[in-house]
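Q: Starting off with a structure, shown below.
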Amino acid sequence: MTVDDELSQALAELSRTLTPQPDPYGRARARFRRSRQRRLGGLVLALVVSVGSTAFAIASPGRTTQPPPADPSESIAPVLAWSDRLLQSPPRGAVAGDDSYVRQLSEQLLAAQTRGEFSRLKVPVSGVRVLFADDVDDHRVALAAFVRNQPDPVTGWPSAAVWLVADKGASARELAGTAAIRSVSDALEPYESLAVDGPEAAHVAIAPAGCIFLSSPLPDGDTFRWALEPTGSYLVRTAKTHRPEWWRVDCGAVTRQMMPGPGSLASKPITDAQLATAMSRVRGSVEQQRARELTYQWAQSEGYRLTALPSVVWGGHVAGLPIGPADTSPAAGEPTVQDGKVTVLAAPNVGGGWVGEVSIAPDRPRADGVLSTGTSFTATADPTDPDSVLAVSIDDDDGGGEGQQFLLVVTPAAATTVRVLRDGQEVARSAVSGSGTAMQVPRPTAGLVVEALDASGGTIASGPVSKQGAQRTTETDTWNQE
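Numbering (our numbering) for the sequence shown: 56 to 537.
Laid out in structure tokens, this is it:
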């Protein structure tokens with residue numbers, strides 16, 4: 056088994072056994088700052104798995120609470136108001152219709168918390184509210200909110216959330232037991248969800264009463280086919296009802312959340328036939344096993360944001376690549392550039408356009424334990440077209456900054472040279488080898504035109520520099536709005 060296989064397996068196991076709830080205040084803060092989010096220039100892997108445009112570390116479910124936002128205009132009040140609406144909602148689910156069972160479960164959970172059995176929930180609480188309880192596949196699943204005596208002094212969250220999973224038909228005592236604790240979050244958020252038994256098996260999601268869930272099969276571009284969920288303000292998917300789809304939560308006339316359902320187009324490792332399709336238009340040179348692993352990993356991480364499995368666009372060996380993003384420093388004694396194998400993938404995106412990933416495997420192990428780095432990009436034209444030119448920034452492009460920027464350019468096979476123009480004037484030129492080149496261009500990359508030239512100097516393809524990061528306009532999260 057390769058290192059990539061081991062990491063993929065470890066990530067899958069983590070997903071099956073835990074649904075860690077990352078710092079909720081940080082998530083709320085991220086909602087307010089989406090328009091200012093920077094692309095993570097280096098997808099650093101030190102036993103870290105490449106996940107789209109972020110770095111996902113295989114780690115324990117513990118976390119450090121983030122401080123409130125420095126900008127006072129980034130109020131969390133709307134999120135807290137929607138959280139309270141969820142807290143005040145009646146219990147949902149078939150089992151939750153049994154008032155006696157709900158009462159017993161609430162009492163058992165309060166007693167267990169008072170005895171200190173919730174290691175991450177030690178503060179005094181005034182009560183417990185069961186918000187969901189039902190049998191899903193072979194499990195009994197519940198969501199409970201613990202109301203603190205005082206809001207968290209750092210984040211201001213008044214309630215914590217605990218997901219519980221036991222065997223189907225479990226008693227209230229069994230469901231309240233330590234062994235049933237699946238996830239503990241220091242905040243009850245307006246939208247809560249749990250992958251009960253892996254991302255492509257049972258799944259539960261819940262929103263405040265009065266909101267409604269809608270679902271759509273995986274759309275073709277931006278064409279959704281929304282249908283109301285019969286359960287209204289909550290949604291349940293079993294192993295039998297799981298499908299490639301998107302979910303939406305409407306509260307009144309406002310769509311508060313829209314996101315892909317759990318799972319991906321690569322539910323199993325890439326087959327030989329899928330790999331042949333993925334590499335049918337590849338340029339440069341890519342090892343098949345590496346292409347297989349990267350295609351599978353990226354399809355898994357992107358989930359149903361993609362409308363088709365990724366294609367391998369280009370591969371090659373490149374010298375002098377930057378180590379990582381501008382805001383990270385190499386380890387002591389380590390160079391600022393590296394040589395390595397570069398692989399570019401791209402796939403059509405829900406909502407239209409294309410998203411891509413550049414993965415860089417350094418030739419020599421790094422002192423900081425990093426196994427691979429990379430970046431993501433967005434393109435309007437098909438990057439897999441062998442007659443097209445693709446230009447991607449592979450270190451941090453700070454927009455208005457000065458100096459030089461590293462650019463990876465993929466060209467048609469007939470190209471021998473790449474030149475870069477700004478306002479019609481040439482600002483950089485590089486020779487092409489194996490349908491690609493890495494070159495430096497002046498910042499900013501906005502407004503640059505990249506041309507691929509043949510041996511006679513004629514232009515055979517041209518295009519702009521792709522946008523950094525996998526920008527998502529289709530997904531919606533507006534709980535922070537009034």
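Here a beta-carbon is modelled for each residue, glycine too, at the ideal position from N, C-alpha and C.
The structure presented is a predicted model; accordingly, all values stated were derived computationally and were not measured.
Is the region 254–274 close to the region 290–307, with three or more CB pairs under 8 Å?
A: Flag = yes, the region 254–274 and the region 290–307 touch.
Q: Take every Cβ of the region 491–509, pair it with every Cβ of the region 459–470, and state whether three or more of those distances are shorter than 8 Å.
A: Result yes; three or more Cβ-Cβ pairs closer than 8 Å.
Q: On the three-state DSSP scale, how would you describe Gly276?
A: The answer is coil: DSSP assigns Gly276 none of H, G, I, E or B.
Q: Taking the DSSP output, what are the residues bridged to Asn404?
A: Answer is Leu361.
Q: Note down the Cα distance separating Arg498 from Ala483, rounded to an integer number of angstroms.
A: Roughly 11 Å separates the two Cα atoms.
Q: Give the range of the alpha helix (DSSP H) segment to which Ser541 is assigned.
A: With the chain covering 56 to 537 only, the question about residue 541 has no answer from this structure.
Q: Going along the chain, which residues of its own chain have a beta-carbon closer than 8 Å to the beta-carbon of Ala234, five neighbours each way excluded?
A: Cβ within range, chain order: Ala221.
Q: Residue range of the alpha helix (DSSP H) that Thr169 falls in?
A: Run containing Thr169: Asp154 to Thr169, per the alpha helix (DSSP H) assignment.
Q: Could you tell me the alpha carbon to alpha carbon distance between Asp241 and Arg203, rounded to whole angstroms?
A: Cα-Cα distance, rounded: 10 Å.
Q: Which residues does DSSP list as the beta-bridge partners of Ser271?
A: Answer is Trp301, bridged to Ser271.
Q: If we ignore side chains and look at the alpha-carbon of each, how far apart do Tyr156 and Val134 end up?
A: Cα to Cα, Tyr156 sits roughly 30 Å from Val134.
Q: Assuming Ile236 contacts Glu247 under a Cβ cut-off of 8 Å, what Cβ separation, rounded to an integer in Å, is found between them?
A: That belief does not hold up - the Cβ atoms of Ile236 and Glu247 are roughly 15 Å apart, past 8 Å.
Q: Counting only runs of 3+ residues fully inside the region 453–480, write out the beta strand (DSSP E) ranges in chain order.
A: Correct list: 459–465 and 472–477.
Q: Consult DSSP for Arg311 and reduce its assignment to one of helix, strand or coil.
A: Of the three classes helix, strand and coil, the one that applies to Arg311 here is strand, per DSSP.
Q: Kindly indicate which three-state DSSP category Asp327 falls into: helix, strand or coil?
A: Asp327: helix per DSSP, three-state reduction.
Q: Using a Cβ distance threshold of 8 Å, determine whether the region 363–380 contacts the region 336–346, with at least three qualifying pairs required.
A: Contact between the region 363–380 and the region 336–346 is present, because at least three Cβ pairs lie under 8 Å.
Q: CA-CA distance, Thr500 and Thr398?
A: Rounded to the nearest angstrom, the two C-alpha atoms are 21 Å apart.
Q: Looking only at its chain, what residues have a beta carbon closer than 7 Å to the beta carbon of Val545, apart from the 5 residues adjacent to it on each side?
A: Limits of the chain in this structure are 56 at one end and 537 at the other, which puts residue 545 out of reach.
Q: Assign Leu249 to one of three DSSP states: helix, strand, or coil.
A: It is a strand residue.
Q: Should Glu457 go down as buried or exposed, given a rule of 16 or more other Cβ atoms within 10 Å for buried?
A: With fewer than 16 other Cβ atoms within 10 Å, it is exposed.
Q: To the nearest angstrom, how far is it from the Cα of Gln355 to the Cα of Phe279?
A: Computed Cα separation, rounded: 22 Å.
Q: Alpha carbon to alpha carbon, how far is Gly182 from Leu165? Give it in angstroms, no decimals.
A: Roughly 7 Å separates the two Cα atoms.
Q: Could you say which of Val196, Asp478 and Trp301 lies nearest to Pro146 if we only look at CA atoms?
A: Among Val196, Asp478 and Trp301, the Cα nearest to that of Pro146 belongs to Val196.
Q: According to DSSP, is Thr531 helix, strand or coil?
A: Thr531: strand per DSSP, three-state reduction.
Q: DSSP three-state call for Gln526: helix, strand or coil?
A: The answer is coil: DSSP assigns Gln526 none of H, G, I, E or B.
Q: Might you give, ordered along the chain, the residues of its own chain that have their beta carbon closer than 8 Å to the beta carbon of Asp192, omitting 5 neighbours on each side?
A: Lys223, Val251, Asp252, Ala256, Ala257, Thr293 and Ala294.
Q: Shortest alpha-carbon distance to Ser226 belongs to which of Glu244, Ser214, Leu283 and Arg158?
A: For the residues Glu244, Ser214, Leu283 and Arg158, the minimum Cα distance to Ser226 belongs to Arg158.
Q: Return the first residue and the last residue of the beta strand (DSSP E) that Glu412 is part of.
A: From DSSP, the beta strand (DSSP E) with Glu412 extends over Trp409 to Pro417.
Q: Do Ala401 and Pro438 come within 8 Å of each other at the CB atom, strictly closer than that value?
A: Taking 8 Å as the Cβ cut-off, Pro438 and Ala401 qualify as a contacting pair.
Q: With DSSP as the reference, label Ala333 as helix, strand or coil.
A: Correct three-state label for Ala333: helix.
Q: Does DSSP put Thr74 in a helix, a strand or coil?
A: In this prediction, Thr74 scores a pLDDT of 39, lower than 50, which makes its location untrustworthy; the coordinate-derived value is nonetheless stated afterwards. In this structure, Thr74 counts as coil in the three-state DSSP scheme.
Q: Taking the alpha-carbon positions, what's the Arg345 to Gly375 distance?
A: Taking the straight line joining both Cα atoms gives about 21 Å.
Q: What distance in whole Å lies between the Cβ atoms of Thr529 and Val405, which are believed to be in contact at a cut-off of 8 Å?
A: At roughly 5 Å, the Cβ-Cβ gap stays under 8 Å, so Val405 and Thr529 are in contact.
Q: Taking Lys396 as the reference, which of Gly489, Met313 and Gly407 has the closest Cα?
A: Nearest C-alpha to Lys396: Gly489.
Q: Tell me the rounded alpha-carbon separation between Ile449 and Glu300.
A: If I take the Cα positions, the gap works out to 32 Å.
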